[in-house]
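Here is the structure we will look at, set down as structure tokens.
In our numbering, the protein residues as written are 1 to 261.
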């Protein structure tokens, strides 16, 4: 019985694969008549995204396929963004929309869109994966990481501020470095709040560590680029010491939270 079901499932995968090949091939040829050969790269990305999406839809055991599907879809959307939103002839820093109405121009800063879109789409991919099952709780970490980077990109472009001086030979941290660390602290803090149903009691330590880094980056300001390594080592050492001193093993008979899908 299982062998027959496996054959049926494999047949469905092959049929879906062929259908998507024909659809994307036709769509690519149709789009190429207007956008030339530039559509080949995003078409390939969407093709792979649809393939992995079909694999994920066939069985709950294939939920892992959601991640590569989201990754390929994200790359495809970012590449498509560069095709549909043409670069302005007036300045190299703005785009203009020329999709539905060729004469309509909406100036959009290039730096405000591409990086932010890429990070938020990746965050959405991992968030969706985490929502599907409690066993995917770890996906909240990359979700918060990409969302935090996206927040920094948005703040850098939307809120005016003075740039920190660049020190030759040193890694330069931006004005909103604290927002990155605060976002990471929030991510691990959310996981810690779910400790009653998930094995995430340990996340309080990185949450405290990143919160300390956020505070110290604000205090040090422009000098954080000089002392970031020392600051990171000190915070890491204190956090590990805190974990050793406050960590408790489960008492006899106490059960660790069991995760159900």
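All C-beta atoms in this analysis are idealised placements derived from N, C-alpha and C, irrespective of residue type, glycine included.
With a contact defined as Cβ atoms closer than 8 angstroms, residue 49 and residue 69 qualify at about 5 angstroms. In this structure, residue 147 sits away from residue 115, with a CB-CB distance that is not shorter than 8 angstroms. Spanning the alpha carbons of residue 238 and residue 208 requires a straight line of approximately 10 angstroms.
Contact annotation: residue 185 and residue 210 have beta-carbon atoms nearer than 8 angstroms.
With respect to the C-alpha of residue 204, the residue from 216, 191, 197 and 155 having the closest C-alpha is 191.
Boundaries cannot be given for residue 202, as no alpha helix (DSSP H) includes it and DSSP labels it neither H nor E.
Sorting 138, 246 and 206 by C-alpha distance to the C-alpha of residue 232 places 206 at the top. For residue 183, the enclosing alpha helix (DSSP H) stretches over residues 177-193.
Around the beta carbon of residue 193, a 10 Å sphere encloses fewer than 16 other beta carbons of the protein chains shown; the residue is thus reported as exposed.
Residue environment for residue 159: exposed (fewer than 16 other C-beta atoms within 10 angstroms of its C-beta). At a cut-off of 4 residues, the continuous stretches assigned as alpha helix (DSSP H) that sit fully inside the stretch 43-84 are 66-84. When the beta-carbon positions are compared, residue 79 and residue 118 stay at least 8 angstroms from each other.
When DSSP states are grouped into helix, strand and coil, residue 196 belongs to the coil group. From the listed residues 137, 136 and 181, the smallest Cα separation to residue 152 is found for 181.
A direct Cα-to-Cα measurement between residue 134 and residue 56 gives close to 17 angstroms. Going by beta carbons, residue 140 and residue 187 fall inside the 8 angstroms limit.
Between residue 74 and residue 122 a beta carbon distance of about 6 angstroms is seen, short of the 8 angstroms cut, so the two are scored as contacting.
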